Amino acid sequence: MIRKIIAFLVVFYFGYILYSFIAVNFPFGERPLKGVAAHYVDKGIEEEGATNIVTSIVTLYRGFDTLGEVTVLFLAATGLGLLLAGMKEEEKEKPEPTLIMETTTRYLFPLVLLFGTYIFIHGHLTPGGGFPAGVVIATGYFMMFIAQKQFKPSEYLLSATESFAGTLYVIMGLLGLALAFSFLANVMPLGVPNTVFSAGIIPVIYIIIGFKVGSEMTGILAHLKEA
Amino acid sequence: MNGGLLFYGSSVFLMVMGIFIAITGKHLIKILLGIDLFDVGLNLLIISFGYVNGGTAPIFSKYPHIFKNVVDPVPQALVLTAIVIGVAEMAMGLAIVMKIKEKFGTCNIAKLKELKW
Amino acid sequence: MNNLILFMGFGLSLVLVVATFVVWLSKDLLVAILGSAVVSLVASIFFLILQAPDVAITEAAIGAGLTTGILLYAMKKAGRYEDD
């Protein structure tokens, strides 16, 4: 109990210091854009062709970070598979899914996949992009894991999709290095902004990321389900 | 009544409660939930730094666009990365928790003798 | 940001505080996990108010959807109540 009170005091003192420091030094909403942020907002559409500025920062201006992030995701999925590989499934009496759940999810599943596809194809025009799209697709698979008894995606196909998408991402980066002397450069034609076929390699990269994140998250869920 | 009190206050509250739960929690999943709360609070704080009064989202529906009041897009891109890293870290931690449960039969850190030294 | 949205935000922050206390005090891990999902959902609405729709859609899909699913699978293995 005394440890809890001490922890409470220390942590709330930390919070008080943090809040007063922030409130004095960073007045809310009164910092005009400058530096790189102003450049991205001002010139982003001319340079990369995407009307969603956040998208062009994530995939092109800071594209190397995103490649690292995808690598972290891959390592987490692999490590999880490695950790859970030897675990045995205990035989418990599982409740049967009802007929309503089974039928509803069977008809809902293609619509969820379609919605995920819509999000990653329109990533450079509307909010969204590859990461939420992949997670939406994985959530559709999660729904099927819960409601269908016999549903089991092929492990081989999942890891093949994941490796193929990862390799394709690096190849897109190397293509920029070969043609424009910069890793992940925008080498394809920009097109007319605010149409689907625009913004060069941004839609391609987001499609790749969508497939990769979707298969990785589905793999994580499948491993956790079997453990 | 201003936005600074609301958003800075909420994010600092979430961070403080996250650290507190992670320090004093007894169950391993509870500790991971505390880390998750800390994650959400930190993301909210970073996004709040980028807000500009009266600004709109950095998405333009017309081109050529007029350079008007727009919120900072750089923190949004950073947080987009951080959220996805957060779920990867969460899955990894939960896998370790499940392994501990299988090996020692308990998730209560007071009963895990092997954690003490 | 006008006063109506700020008023709504203060109301939502009450939900946030209650959900955080539920995560802290609940002995039932299922309730705690759902409390953390509520926190993620409120944070996603805050992101939308702060004009960050990309982050809002990601937080709603990941924080409130996928993380809850992963935690529930782990909870099935690790036991539902805190005492054992």
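Residue numbers (numbering that gives the first Met the number 0), protein chains in the order written: chain A, 0 to 226; chain B, 0 to 116; chain C, 0 to 83. Backbone N, C-alpha and C fix where the C-beta goes; we use that ideal spot for every residue, glycine too. In this text the structure is predicted, and so the values were computed from the model without any measurement.
Bridge partners of residue i, per DSSP?
| i | result |
| --- | --- |
| N51(A) | I58(B) |
| D27(C) | Y80(C) |
| V69(B) | T55(B) |
| N1(B) | None; N1(B) has no bridge partner. |
| H121(A) | According to DSSP, which records beta bridges pairwise, H121(A) is partnered with nothing at all. |
| H222(A) | Looking at the DSSP assignment, H222(A) forms no beta bridge with any residue, so it has no partner. |
| N107(B) | H26(B) |
Suppose the cutoff is 8 Å on Cβ atoms and the five residues either side in sequence are ignored; what does the same chain contact list for residue i look like?
| i | result |
| --- | --- |
| I201(A) | E47, G48, A49, T54, S55, T58, L59, G122, H123 and N185 |
| V30(C) | V21 |
| M143(A) | T104, F108 and F150 |
| G190(A) | G48, F196, S197, A198 and G199 |
| L111(B) | I99, F103 and T105 |
Alpha carbon to alpha carbon, how far is residue i from residue j?
| i | j | result |
| --- | --- | --- |
| P74(B) | I48(C) | 15 Å |
| E81(C) | L4(B) | 35 Å |
| L183(A) | G104(B) | 48 Å |
| L3(C) | S47(B) | 19 Å |
| Y50(B) | E154(A) | 44 Å |
| H38(A) | G54(B) | 16 Å |
| I145(A) | F108(A) | 12 Å |
| A90(B) | L5(C) | 35 Å |
| F11(A) | M100(A) | 46 Å |
| L72(A) | T67(C) | 18 Å |
| D41(A) | M7(C) | 32 Å |
| A77(C) | T23(B) | 19 Å |
| G209(A) | I69(C) | 19 Å |
| L44(B) | E95(A) | 44 Å |
| P126(A) | D71(B) | 15 Å |
| I170(A) | G64(C) | 32 Å |
| V111(A) | D53(C) | 19 Å |
| A84(A) | I21(A) | 46 Å |
| F180(A) | P188(A) | 16 Å |
| S214(A) | T194(A) | 28 Å |
| N1(B) | F45(C) | 14 Å |
| F7(A) | S9(B) | 18 Å |
| Y205(A) | A36(C) | 27 Å |
| M0(A) | A55(C) | 39 Å |
| L33(C) | F119(A) | 28 Å |
| A61(A) | A56(B) | Reading the sequence as shown, one finds Arg at residue 61(A) and not Ala. Cα to Cα, R61(A) sits roughly 19 Å from A56(B). |
Output needed for residue i: all residues of its chain with C-beta closer than 6 Å, excluding positions within five of it in sequence on either side, in chain order.
| i | result |
| --- | --- |
| Y140(A) | T217 |
| I207(A) | A164, L167 and Y168 |
| G115(A) | A132, V135 and I136 |
| M86(A) | A226 |
Can you tell which of the options has its C-alpha closest to the C-alpha of residue i?
| i | options | result |
| --- | --- | --- |
| S60(B) | P192(A), E225(A), V9(A) and F196(A) | P192(A) |
| M165(C) | G17(B), F6(B), S10(B) and H26(B) | Not covered by the structure: residue 165(C). The range shown for chain C is 0 to 83. |
| E88(B) | F25(A), Q147(A), T77(A) and A22(A) | T77(A) |
| I28(B) | F6(B), I82(B) and I99(B) | I99(B) |
| K224(A) | G190(A), S181(A) and K148(A) | K148(A) |
| V203(A) | G128(A), G213(A) and A221(A) | G128(A) |
| T160(A) | E45(A), G133(A) and M143(A) | G133(A) |
| K26(C) | N107(B), K112(B) and L111(B) | N107(B) |
| V83(B) | L93(B), L31(B), N42(B) and I30(B) | N42(B) |
| K211(A) | L98(A), I5(A) and V135(A) | V135(A) |
| R79(C) | V22(C), F20(C), W23(C) and L28(C) | L28(C) |
| Y72(C) | S9(B), T80(B), L77(B) and G92(B) | G92(B) |
| Y18(A) | V11(B), I20(B) and A21(B) | V11(B) |
| L79(B) | T57(C), G62(C), G34(C) and G64(C) | T57(C) |
| V86(B) | Y15(A), G85(A) and V69(A) | V69(A) |
| L79(A) | M97(B), E101(B), F6(B) and P72(B) | M97(B) |
| G5(A) | I30(B), F19(B) and Y7(B) | Here residue 5(A) turns out to be Ile, not Gly, going by the sequence shown. Comparing Cα-Cα distances from I5(A) to each of I30(B), F19(B) and Y7(B), the minimum goes to F19(B). |
| Y7(B) | L157(A), P152(A), V23(A) and L98(A) | V23(A) |
| L157(A) | A221(A), P188(A) and F7(A) | A221(A) |
| K33(A) | A76(B), E113(B) and V69(B) | V69(B) |
| A60(C) | T138(A), M86(A), K3(A) and S162(A) | T138(A) |
| A36(A) | L77(B), G33(B) and L32(B) | L77(B) |
| S162(A) | L74(A), Y106(A), Y117(A) and L98(A) | L74(A) |
Check whether chain D comes within 9 Å of residue i, counting only Cβ atoms and requiring the distance to be less than that.
| i | result |
| --- | --- |
| I20(B) | Given the protein chain composition of this structure (A, B and C), no chain D is represented. |
Between residue i and the rest of its own chain, which residues show a CB-CB distance below 7 Å, the 5 nearest in sequence each way excluded?
| i | result |
| --- | --- |
| A109(B) | K25 |
| I30(B) | A21 and G24 |
| T65(A) | V57 and T58 |
| I52(A) | Y39, V40 and G43 |
| I219(A) | A76 and L79 |
| A81(B) | N42 |
| G67(A) | none |
- Query: Hey, is the stretch 40-59 of chain C in contact with the stretch 6-15 of chain C, meaning 3+ C-beta pairs nearer than 8 Å?
  - Reply: yes
- Does the stretch 33-45 of chain B touch the stretch 3-19 of chain B, meaning 3 or more C-beta pairs lie closer than 8 Å? yes
- Query: Would you call the stretch 172-179 of chain A and the stretch 9-27 of chain A in contact, with 3 or more CB pairs under 8 Å?
  - Reply: no
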